[in-house]
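Residue numbers for the sequence shown follow the working numbering, so the first one is 556 and each next one is one higher. Just so it is clear, CB atoms sit at the ideal spot from N, CA and C, and this is done for glycine as well.
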Amino acid sequence: MKIVRWAGAPAAAVLAVLASLTVLAPLAQADSGAGRPAKVTTVVSLTFDDGDVTHTAAARMLERRGMRGTFYVNTETIGGDAKLDRRALAAIARAGHEIGGHTLTHIRLTQLTRSEQRTQICDDRRTLIAWGYRPTTLAYPFGSVDSDAKAVARQCGYDAARRVGGLKEWGCPGCPAGEEPRPRDRYEIRTPGSIREDTLLRQMRQQVLNAEKTGGGLVPLVFHRVCAGCGVYSVSPETLDDFLGWLAGRKAHGTVVRTMHDAVGARYRPMPRN
Ligand SMILES: [Zn+2]
């Protein structure tokens with residue numbers, strides 16, 4: 556059986572893929588007679604922003620499919636109205652999901668001075684570390700980023716950061732369908748636009764199919780609230796679960812789900828002294 560290492564994935568991830576391939580091999584044999592499982596070409600990251608209280612149920616939904624997601628939280632609003640509290644956040648992390656930074660108060664970084672950006676990004680990460688997490692990836696609130704914010708993200712010890720937009724979607728038909736497996740700009744990882752209340756299941760599938768058809772790559776999907784009819788930036792649990800069920804079946808086409816941390820092979824760095 557030939558194993559193709561996917562763009563320098565960490566050893567643990569490679570082992571996990573090996574284990575899953577071993578299990579899948581007899582099935583693949585029965586289907587094709589070739590006995591050769593599909594090699595991984597497309598990696599989907601399921602990211603959930605803002606520490607919404609509905610993310611406890613969303614995390615469980617992923618777990619039932621054997622998937623793990625990335626949850627980007629604002630430490631100053633954790634425990635607030637309609638937000639996860641620290642205990643709920645810890646439970647999500649314990650189940651194997653990634654906890655990433657999203658600034659202290661969910662502010663538009665491009666409107667801040669560099670020193671204010673440092674407070675928002677570094678203090679948020681410092682708090683996450685004090686809470687026992689090892690945050691390696693950041694999501695810019697509103698996807699709003701400039702060169703200062705990118706430099707600050709790096710200075711605060713993050714190894715990669717996600718914006719919103721830049722990949723193919725209805726608003727950008729000419730954009731690439733997948734981010735590079737090892738993004739050229741690790742501090743501005745691209746995504747399709749946020750999943751919204753009016754995003755159809757078919758459109759979510761299409762984001763993945765587009766990448767599969769054009770050589771694969773990384774497709775980070777951006778979710779916010781997971782509840783029916785609860786705002787523009789929401790997805791219903793039913794739609795999300797339908798999508799996850801479909802996504803699980805794409806393994807045979809070389810598509811897998813990984814956290815942002817695993818997808819980009821992020822490395823943890825302690826808080827720099829400053
Ligand atoms: Zn956000």
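Close beta carbons around residue i, own chain, < 6 Å, minus the five adjacent residues each side
| i | result |
| --- | --- |
| ALA783 | SER791 |
| THR609 | ARG780, VAL781, CYS782 |
| MET830 | In the structure as shown, the chain begins at 556 and stops at 829. Residue 830 is therefore absent and cannot be evaluated. |
| THR769 | ALA732 |
| THR611 | ALA643 |
| ASP679 | THR630, GLY656, THR658, LEU659 |
| THR665 | SER699, ASP701 |
Distance cut-off 6 Å: residue i Cβ against heavy atoms of ligand 1
| i | result |
| --- | --- |
| ASP796 | no |
| PRO731 | no |
| ASP701 | no |
| PRO696 | yes |
| ASP607 | no |
| ASP604 | yes |
Same chain only: Cβ atoms within 8 Å of residue i, ignoring 5 sequence neighbours per side
| i | result |
| --- | --- |
| ASP714 | THR691, THR692, ARG741, VAL819, ALA821, ARG822, TYR823, ARG824 |
| GLN763 | Checking the sequence, you will find Val at residue 763 rather than Gln. THR597, VAL599, VAL774, LEU802, ARG805, THR810. |
| LEU570 | Because LEU570 sits at a pLDDT of 44, beneath the cut-off of 50, its placement in the model cannot be relied upon, and the following sentence gives the value as read from the coordinates. So no residue of the chain qualifies. |
| ARG828 | none |
| ASP640 | ILE633, GLY634 |
| ASP607 | ALA637, LYS638, LEU639, HIS779, ARG780, VAL781 |
| PRO738 | ALA715, ILE744, ARG745, LEU773, VAL819 |
| ILE684 | PRO690, PRO825, MET826 |
Close Cβ partners of residue i (< 7 Å) along its chain, the five nearest in sequence each way excluded
| i | result |
| --- | --- |
| ARG751 | VAL787, TYR788 |
| LEU799 | MET616, LEU617, ARG620, MET622 |
| ARG681 | MET826 |
| ARG669 | ASP703, VAL707 |
| SER749 | VAL719, VAL777, HIS779, TYR788 |
Evaluate the contact criterion for the region 591 to 606 versus the region 804 to 821: three or more CB pairs, one atom per stretch, below 8 Å. yes
**Item:** Sequence ranges, beta strand (DSSP E) only - wholly within the region 770 to 828, length at least 3
**Value:** 772 to 778, 810 to 812
Q: With a floor of 4 residues, list each alpha helix (DSSP H) that falls wholly inside the region 655 to 694, ordered by position along the chain.
A: 669 to 673, 679 to 685
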